[in-house]
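Presented below is the structure to which this report refers.
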Amino acid sequence: MLTVLTLVTGVAALLLAAWCGWAAYRDQPTKDWHFIGMAVVSLLAVVQLVIGIVQLARGEKPEQGTTIFVAYLLGAFACVPAAGLMSLAERTRWGSVTVAAGGVVLAVLEVRLYDIWGG
Amino acid sequence: MTAAEEKPARLISGPGMLLVWFYGVMVVGAVSRSAYQIGTEFDRAPLAYVLSAVAGVVYGFITYTLVRGGETARRAALVCCAAELAGVLLVGTWTLVDRSAFPDSTVWSYYGAGYVFIPVLLPVSALYWLRKARNTVKR
C-alpha cells in the first residue's frame, strides 16, 4: 500500500514538475490550474504521511530507521506547499520554475522514502 | 538619504526565488541530516557530521540574507557563497584524495554527488546572480 502510494506520489510530482516547467518555458506564472495540481500532489503527500504513521503505529519498522522515515515523510509533505507559496510571491516564470524544482525535489524524496521503507 | 536607499533592494525577485528554494531545501537537508547523525552516531565519523552541520548553518545564513535583501545582505551573501564554494571544492577534493578521513559522507563529499551536484552548482549560480544584482541595487 505504502509502496504503491510512494510510486504514485513520485510520478505525480514529476508530472507537476513537467507541467510547471512547460508554463515557465512559455514565460507564464503559476495559475489556478497549477495550484489545483499542487493541491492534488500535496493531498497525495498527506495521505502518504497518514498511512506511513499508521503503518508505524501497527508496529512495522522501516528498514533504515523510524526517525529518518518520519523526517522524510514530513519533508515530502511540506515540499510542494512551500514551493507553491513561493510561486505566489513571485508572479513571473520564475515562480513556475520554483514549483517545477519543488516537484523534482519531491520525486527525489519519494525515491529515498522507497529505500528507507525497504520496499 | 534618497528614496532609493530607504527600501532594501529585493534579492529574491526572478531567479532569486529559485535560489532561495534550493537553499531552503539544502538547509533542511544538511541541518536535519547532521542533527540526526550527531545525535545518534557521532563517534562513527565526527568530522563528516560536523562539516554537514557547518554547511547547514552557512546555507541558513545565505537563505536569510537573500530573503532580507539590501546591499549589506548582498555582500554578506557573496562572501558566504564564496566560502561555500571553497568548502565544496576543498571537501570534495579531500574525499577523493583521502577517503579514510570520512568514514561516512557529508553533504559536500565528492562535490555533492549525493545531492545531484546541487552543492557545487548552487554557489556558482548564486555568485553569478548576486554580482548581477549589484546593478539593480541602489547605493
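Sequence lines, in order, name chains D and Y.
The first sequence maps to residues 1 to 119 in this note's numbering.
The second sequence maps to residues 1001 to 1139 in this note's numbering.
Using N, Cα and C, we set each Cβ at its ideal position, and we do this for glycine too.
Predicted, not measured: the structure shown is a model, and the values here were computed from it.
ask   = Near residue 1048 of chain Y, what residues of its chain come up, given a Cβ to Cβ distance below 6 Å and the 5 sequence neighbours on each side ignored?
value = 1102, 1104 and 1106
Residue 1061 of chain Y in three-state terms, based on DSSP = helix
inquiry  = Classify residue 25 of chain D: buried if its beta carbon has 16 or more other beta carbons within 10 angstroms, exposed otherwise.
reply    = It counts as exposed.
task = Just the chain D side, please: which residues come within less than 9 Å of residue 1014 of chain Y by C-beta, in chain order?
result = 90, 92, 93 and 94
inquiry  = Quick check on this structure: which residue in Y:1012, Y:1011, Y:1050 and Y:1026 has the alpha carbon closest to the alpha carbon of residue 1117 of chain Y?
reply    = Closest by alpha carbon: Y:1026.
request  = Tell me whether residue 1133 of chain Y is buried or exposed, calling it buried when 16 or more other Cβ atoms sit within 10 Å of its Cβ.
outcome  = buried
request  = Using a Cβ cut-off of 9 Å, pull out every chain Y residue sitting near residue 30 of chain D, in sequence order please.
outcome  = Within chain Y, no C-beta atom comes less than 9 Å from the C-beta of residue 30 of chain D; the nearest is roughly 12 Å away.
query = Are the segment 52-60 of chain D and the segment 37-44 of chain D in contact at 8 Å, needing three or more beta carbon pairs?
reply = no
query = By the 10 Å Cβ neighbour count, where 16 or more other Cβ atoms means buried, how is residue 1128 of chain Y classified, buried or exposed?
reply = exposed
ask   = What's the C-alpha gap between residue 1060 of chain Y and residue 29 of chain D?
value = 27 Å
task = Examine chain Y for any beta-carbon lying closer than 7 Å to the beta-carbon of residue 97 of chain D, and answer yes or no.
result = yes
message = Below 8 Å, how does it come out for the segment 14-24 of chain D and the segment 48-58 of chain D: are there three or more Cβ pairs, yes or no?
response = no
task = Count the other CB atoms, across all protein chains shown, that sit within 10 Å of the CB of residue 1005 of chain Y; report buried if there are 16 or more and exposed otherwise.
result = With a pLDDT of 49 at residue 1005 of chain Y, under the threshold of 50, the modelled position of that residue is not reliable, and the figure given next carries that caveat. The residue in question, residue 1005 of chain Y, is exposed, as its Cβ has fewer than 16 Cβ neighbours within 10 Å.
request  = Give me the Cα-Cα distance between residue 1121 of chain Y and residue 1019 of chain Y, rounded to the nearest whole angstrom.
outcome  = 11 Å
Candidates D:96, D:13, D:8 and D:114: closest to residue 72 of chain D by CA position = D:114
Opening and closing residue of the alpha helix (DSSP H) in which residue 32 of chain D lies = 32-57
ask   = Should residue 1063 of chain Y be labelled buried (16 or more other beta-carbon atoms within 10 Å of its own) or exposed?
value = buried
request  = Can you grab the Cα-Cα spacing for the pair residue 112 of chain D / residue 1031 of chain Y, in whole Å?
outcome  = 17 Å
query = residue 1108 of chain Y and residue 101 of chain D: beta carbons closer than 7 Å?
reply = no
Residue-level contact to chain D via CB, residue 1026 of chain Y, 7 Å cutoff = no
ask   = Between D:85, D:13 and D:118, which lies nearest to residue 69 of chain D when the distance is taken from Cα to Cα?
value = Looking at the Cα atoms, D:118 is the closest of the given residues.
query = Counting contacts by CB-CB distance shorter than 7 Å, is residue 1105 of chain Y in contact with chain D?
reply = no
query = Can you list the residues of chain Y that residue 83 of chain D reaches, using a CB-CB cut of under 8 Å?
reply = 1021
inquiry  = Just to check my reading of the structure: residue 1053 of chain Y and residue 1038 of chain Y have Cβ atoms closer than 8 Å, yes? What is that Cβ distance to the nearest angstrom?
reply    = 7 Å
ask   = chain D beta carbons: is any one of them nearer than 7 Å to that of residue 1121 of chain Y?
value = Judged by the 7 Å Cβ criterion, residue 1121 of chain Y is not in contact with chain D.
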